[in-house]
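Engineer: Residue numbers for the sequence shown follow the numbering used here, so the first one is 119 and each next one is one higher. Ideal Cβ positions, reconstructed from N, Cα and C, are used throughout, including at glycine. Computed from a predicted model, the values in this text were never measured in an experiment.
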Amino acid sequence: MHEDSRCPGFCGRNPSDPTNGSVCQACPWGWRVPPLTHLHPSTLSDPRASICEPCLSPLPAYDWLYLLFVAILPILINCFFVHYYSSKRMSLSRNEVLELGCCIVEGVLAAVASLLVMPPRWSLNLYGCHKTLIEEWYPALHNPQTFGRTLPCTYELVFPLYSLPFVYLLFCLMNLLICRSILYMTIRKRDRSRHAYYAALYAIPILALGLALMAGFLYYMFAFVLMLWSVAANAVHLSLEGNKSMRSMIDALATSGNHLTLLIVNMALLAFSIVTLAVERDDGWSLLLVTMVPVPAAFFLLTSGLSHPSTISST
């Protein structure tokens, strides 16, 4: 590739490389070529448009919300396993509360540690690259062909949104091995169930594999995924109460720590998805939709009597 021409695809020229600075290659980690949408049409063929630039742009709010979504995923999964393998009681037991709290502590410590080790190190600030296309999440699928051979230009164009979740999951796994082991050997020494522990050990690598394959799609769709999940989970949770009247279901929600916690979590996820969509569209008025978060649960409770056996048999 000539020095007076622009590099193909996502390839760039590394100005910090004294020996191969004129060669079209993958940019260093934390660097990328300017997105085409940020270039003036008259400069598209300019070789300077292929110079790798450091990613020093402050992360927009939507990117922080995506990272928060990734951060709460392992916490929710771990809490689910703790609840699933615990005793089937209406109220949360002391041991279950302790283990749920341990899951949250593991996630918080992992989030802080992963932010501290990412550039700029020992700071909670993050800087990233501008991104405009979903293809930028999968550069390995878009390596250019030159003179019958593939030019390898695979690097992280969406820094740090692709690498940071894996650092976070690694810290989650380390904290799981340390914190949960300490909990089992001390407070829960006589009464412990290893099923939630082993399930989390399997779930975190599976989650990492899913992010490796679907990170680009999740980045653009996670708000809708959360919205559908929260509404569906809320409906399933309430329907598991069986054919009860509205008063009976309200009493169950008010007196059961399990039911009330699940209801609050589902409503919080729905509110989070609404806030994310409002931030993405830069529409402050959409934030008013957060007041509609209780509507799905209220609608289910108000209409539950319509499907009650006594109501159906009398019609």
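Could you please give the first and the last residue of the uninterrupted alpha helix (DSSP H) stretch that includes Met303?
Structural biologist: By 1-based counting over the sequence shown, the position of residue 303 is 185. Where Met303 is concerned, the enclosing alpha helix (DSSP H) stretches over Ser299 to Met303.
Engineer: Please name the residue in Leu387, Ala189, Val411 and Ala416 whose C-alpha comes closest to that of Gly225.
Structural biologist: Counted from its first residue, the sequence shown places residue 225 at position 107. Looking at the Cα atoms, Ala189 is the closest of the given residues.
Engineer: Where does Thr421 fall in DSSP's three states?
Structural biologist: As a first step, residue 421 must be located in the sequence shown, where it is residue number 303. If DSSP states are grouped into helix, strand and coil, Thr421 belongs with the helices.
Engineer: Going by the CB atoms, is the gap between Cys173 and Gly246 shorter than 7 Å?
Structural biologist: What you label residue 246 is simply residue 128 of the sequence shown in a count that begins at 1. What you label residue 173 is simply residue 55 of the sequence shown in a count that begins at 1. Taking the C-beta atoms as reference points, Cys173 is found nearer than 7 Å to Gly246.
Engineer: Output yes or no for whether 7 Å exceeds the beta carbon distance between Cys145 and Cys170.
Structural biologist: What you label residue 145 is simply residue 27 of the sequence shown in a count that begins at 1. What you label residue 170 is simply residue 52 of the sequence shown in a count that begins at 1. Contact: yes.
Engineer: Which runs of the beta strand (DSSP E) fall wholly inside the region 340-369 and span at least 3 residues, in chain order?
Structural biologist: The region 340-369 is shown to contain no whole beta strand (DSSP E) run of 3 or more residues.
Engineer: Within 10 Å of its beta-carbon, does Val411 have 16 or more other beta-carbons around it, so buried, or fewer, so exposed?
Structural biologist: For this step, residue 411 is matched to residue 293 along the sequence shown. Looking at its Cβ environment, which holds 16 or more other Cβ atoms inside 10 Å, Val411 is buried.
Engineer: Ser134 by DSSP, collapsed to three states: which one?
Structural biologist: Counted from its first residue, the sequence shown places residue 134 at position 16. Looking at Ser134 - three-state DSSP - the assignment turns out to be coil, as it is neither helix nor strand.
Engineer: Which residues does DSSP list as the beta-bridge partners of Ile169?
Structural biologist: For the purposes of this step, residue 169 is identified with residue 51 of the sequence shown, where counting begins at 1. According to DSSP, Ile169 bridges with Arg131.
Engineer: Determine the contact status of Cys129 and Cys220, defining contact as a CB-CB distance below 7 Å.
Structural biologist: Within the sequence shown, residue 129 is the residue found at index 11, counting from 1. Within the sequence shown, residue 220 is the residue found at index 102, counting from 1. No.
Engineer: Quick one: residues in its chain with C-beta nearer than 6 Å to the C-beta of Leu177, no 5 flanking neighbours on either side, listed in chain order?
Structural biologist: Counted from its first residue, the sequence shown places residue 177 at position 59. Taken in chain order, the residues that qualify are Leu244 and Gly246.
Engineer: In angstroms, rounded to a whole number, what distance separates the CA positions of Ile322 and Cys290?
Structural biologist: In the sequence shown, counting from the first residue as 1, residue 322 sits at position 204. In the sequence shown, counting from the first residue as 1, residue 290 sits at position 172. Distance between the alpha carbons of Ile322 and Cys290: 8 Å.
Engineer: DSSP three-state label for Arg267, please.
Structural biologist: Locating residue 267 in the sequence shown gives position 149, where the first residue counts as 1. Strand at Arg267.
Engineer: Leaving aside the five residues before and after Ala179 along the sequence, list all residues of the same chain whose C-beta is less than 7 Å from its C-beta, in chain order.
Structural biologist: In the sequence shown, the residue the question calls residue 179 occupies position 61. So the qualifying residues of the chain are Val397.
Engineer: Taking buried to mean at least 16 other C-beta atoms within 10 Å of its own C-beta, is His377 buried or exposed?
Structural biologist: Start at 1 with the first residue of the sequence shown, and residue 377 comes out as number 259. With 16 or more Cβ atoms within 10 Å of its Cβ, His377 is classed as buried.
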